[in-house]
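A.B. asks: Input: one structure, supplied below.
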Amino acid sequence: MMQKPWETVIGLEVHVQLATDTKAFCDCPAVFGAEPNVHSCPICLGQAGTLPKLNQQAVELALRAALALNCQIAPTLAFDRKHYEARDLPKGYQITQWRYPLGKDGYIDIDVEGKIQRIPIRQVHLEEDAGRAVQVVDREIIDFNRAGIPLLEVVTPPVFTTGAEARAYLEALQLLLRYLGVSDCRIEEGSMRCEANISLRPQGSDAMGELCEIKNIGSFRGVVGAIAYEERRQASLLQAGQPVPRETRRWDEARQETVPMRSKEQAADYQYRPEPDLPAQPIAPERLEKIKGNLPELPLERQARYISQLGLSPQAAKEIVSDLALAAYFEEVLSHYRSAVEVANWLLTDLRALLNQAGRSYADCPVSPVALAELLELVQQGVINQTMGKELLGESFATGQSPAALVKARQLQQVNDPEKLKGWIDEVLRQHAAVVAEYQSGKTKVFGFLVGQVMRLSAGAANPHLVNQLLRQALARHGS
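Residue numbers for the sequence shown follow the working numbering, beginning at 111 and rising by one.
Structure (structure tokens):
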């Protein structure tokens, strides 16, 4: 396969809304989905005579994320004003961190097809969100509910070369921040947003090509699509001998292409100035140690524990860890039933199938972790067999009744009495004498048919292990 003449270089900027009760610099609620402009005040609207008040909950969450991303934390918490004109920026500037980002020179380890890859983090900083332009029929209105909501921006160097790599990083970052409780990272609600900085350069070159920043990407799939489109667009320009203009573009999801917005700004265009209304304050080492000591078990740590201590396969461990609600459900079941492999199998097959069919998630599963543990205990103790257990799981899912209650109400206890089992076996052998003759002549595949007939006769109540054992003994007697 011929090598492409150009190499794609990608850096990512991710903005996540922090899970605070109020905005970054005022007491307005930081909530999603309210009527437009009901959560705004003179402070977040930038009216004269108002002063910002720093939200310490936002600082705490930002530090939590920066530490989990292995960043070097700035000794001082300081803010700057970033000046630019936009309809959704009421103050005419954004409060951000330019001189002293909260954290820098960090990294995140991600699992890419079973291999751990380390992605460097250039910096992490705290800032405020802008408002939001909303199209209403034939006009545009500005909703300032979002203005002032605390944002954490996570910036990587240009280290990605494919859309697949970029997506793997974004999924890992989203999961990490959710585990930390820093943000819900709901892309569909805008609480996690991504901008991709994309350029092409000749293969083998260390020089950077002209940068294009892509905004308005509303999904991980959109990130992959935007990168693929930009690769084609920029390569076409370069092959034609034309320069790639340095510009900001937006991703048009409907047309699956990027559209020009404006020329790309330089740092000097923003006229950064220290924020005079928020004096710099030291970040105490004791505060960092306390936050670090309270960090939860992170996704890759949990994945490694599931494999090494619980005996899960790497694939099962990754699947469970990748869904925070599923991981919590798994842990709760394990606190009542200790066979981790068995629990994982039921969660990832039978229960998942029921959830998918109902369009539900593990977070709102009608079968509680305690109920599933109870069901597994009934199977393990031989009260019911595996097949009956799967049937009861579906019934418990549909009705909300506990497995034990269903077993009692339907008198479904598994039959282990050898004499009763022998009675069913003798009846099946009598009814299917021709099949028995086939078995005796060497056609042993019919054994499964005979087992099935015994299970049918017992209405599924017979212990299948004992049925297998006793049926073989009965057939041996018939053949002698």
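Heads up, the beta-carbon is just placed ideally off N, CA and C, and yes, glycines get one too.
Sort Y416, L128 and S471 by Cα distance to H235 and report the nearest one.
C.D. replies: H235 has its Cα closest to that of L128, out of Y416, L128 and S471.
A.B. asks: How would you call Y217, buried or exposed, if buried means at least 16 neighbouring beta carbons within 10 angstroms?
C.D. replies: Answer is exposed; the Cβ neighbour count stays below 16.
A.B. asks: Rounded to the nearest angstrom, what separates L576 and G492 at their Cα positions?
C.D. replies: If you take the alpha carbons of L576 and G492, they lie about 11 Å apart.
A.B. asks: DSSP beta-bridge partners for F270?
C.D. replies: I120.
A.B. asks: Quick check: the Cα distance between M111 and E407, rounded to an integer number of angstroms?
C.D. replies: Low confidence applies here, because M111 scores a pLDDT of 47, under 50, leaving its location unreliable; read the following figure in that light. Straight-line Cα distance between these residues: approximately 44 Å.
A.B. asks: Taking DSSP as the reference, what is the three-state secondary structure of M111?
C.D. replies: Note that M111 scores 47 on pLDDT, short of 50, meaning its location in the model is unreliable; the coordinates nonetheless yield the value given after this. Coil at M111, not helix or strand.
A.B. asks: When DSSP labels each residue in this structure, what does P372 get in the three-state scheme?
C.D. replies: Here the sequence assigns Arg to residue 372, which means Pro is not the residue at that position. Correct three-state label for R372: strand.
A.B. asks: Taking Cβ to Cβ, would you say E238 is nearer than 9 Å to I259?
C.D. replies: Yes, the Cβ-Cβ distance between E238 and I259 is below 9 Å.
A.B. asks: Starting from the N-terminal side, write out each stretch of the beta strand (DSSP E) that is 3 residues or longer and does not extend beyond the segment 232 to 278.
C.D. replies: With a minimum length of 3 residues, the continuous beta strand (DSSP E) runs that stay inside the segment 232 to 278 are 242 to 246, 249 to 253 and 260 to 265.
A.B. asks: When the Cα of A364 is compared with those of Q182, Y289 and G332, which residue comes out closest?
C.D. replies: For the residues Q182, Y289 and G332, the minimum Cα distance to A364 belongs to G332.
A.B. asks: Assuming E385 and R191 make a contact with CB atoms under 8 Å, what is their CB distance in whole Å?
C.D. replies: Indeed they touch by this definition, with Cβ atoms about 5 Å apart.
A.B. asks: From V556, K553, G510 and L567, pick the residue whose C-alpha is nearest to that of E537; which is it?
C.D. replies: Among V556, K553, G510 and L567, the Cα nearest to that of E537 belongs to L567.
A.B. asks: Tell me, please, which residues DSSP counts as bridged to Y217.
C.D. replies: Per DSSP, P230.
A.B. asks: Would you mind giving the Cβ-Cβ distance between A390 and L262, rounded to the nearest angstrom? I have them listed as a contact below 8 Å.
C.D. replies: Not really, about 19 Å apart at Cβ, beyond 8 Å.
A.B. asks: Return the Cβ separation of R242 and D198 in integer angstroms, given the expectation that the two are a contact with Cβ distance under 8 Å.
C.D. replies: Rounded, the Cβ-Cβ distance is 6 Å, consistent with contact.
A.B. asks: Alpha carbons only, please: which of K530, A306 and A158 is nearest the one belonging to T118?
C.D. replies: T118 has its Cα closest to that of A306, out of K530, A306 and A158.
A.B. asks: Straight-line CA distance for L420 to A450?
C.D. replies: The straight-line gap from Cα to Cα measures roughly 6 Å.
A.B. asks: Go through its chain and collect everything with a Cβ distance to T497's Cβ below 7 Å, but skip five positions before and after it.
C.D. replies: Counting only Cβ-Cβ distances below 7 Å, and skipping sequence neighbours, we find G570.
A.B. asks: For N307, list the residues DSSP reports as bridge partners.
C.D. replies: Answer by DSSP bridge pairing, in chain order: G121 and E323.
A.B. asks: Grouping DSSP H, G and I as helix and E and B as strand, with all else coil, what is A571?
C.D. replies: Here A571 sits in coil by DSSP.
A.B. asks: Within a Cβ cutoff of 6 Å, which residues of the same chain sit near V477, ignoring the five residues on either side of it in sequence?
C.D. replies: Cβ within range, chain order: S506 and F507.
A.B. asks: How long is the line joining the alpha carbons of A468 and N455, rounded to whole angstroms?
C.D. replies: Each residue's Cα considered, the two are about 19 Å apart.
A.B. asks: Can you pull the DSSP bridge partners for L187?
C.D. replies: Q391, per the DSSP bridge assignment.
A.B. asks: Could you have a look at Q490 and say whether DSSP puts it in helix, strand or coil?
C.D. replies: It is helical.
A.B. asks: Please classify I226: is it buried, with 16 or more other beta-carbons within 10 angstroms of its beta-carbon, or exposed?
C.D. replies: I226 should be labelled exposed.
A.B. asks: In angstroms, rounded to a whole number, what distance separates the CA positions of A196 and M318?
C.D. replies: Computed Cα separation, rounded: 30 Å.
A.B. asks: Classify H588 as helix, strand or coil using the three-state DSSP reduction.
C.D. replies: Three-state result, H588: helix.
A.B. asks: Relative to the C-alpha of P146, which candidate in F254, P355 and L348 has its C-alpha closest?
C.D. replies: P146 has its Cα closest to that of F254, out of F254, P355 and L348.
A.B. asks: Could I get the ranges of all uninterrupted alpha helix (DSSP H) runs contained in the segment 471 to 538, with 4 residues as the minimum, in chain order?
C.D. replies: Whole alpha helix (DSSP H) segments, 4+ residues: 479 to 490, 496 to 509 and 513 to 520.
A.B. asks: Once you ignore the five residues that flank Q563 on each side, which residues in its own chain have a CB closer than 8 Å to its CB?
C.D. replies: Closer than 8 Å at the Cβ level, and outside the excluded window around Q563, lie V538, Q541 and H542.
A.B. asks: Using a C-beta cutoff of 9 Å, does L580 count as contacting chain B?
C.D. replies: In the structure shown, chain B cannot be found, because there is only a single protein chain.
A.B. asks: From this set, V148, T368, D131 and V292, which residue's C-alpha is nearest H125's C-alpha?
C.D. replies: Nearest C-alpha to H125: V292.
A.B. asks: Based on Cα-Cα distance, which residue from Q284, A345, K400 and C304 lies nearest to Q313?
C.D. replies: Nearest C-alpha to Q313: A345.
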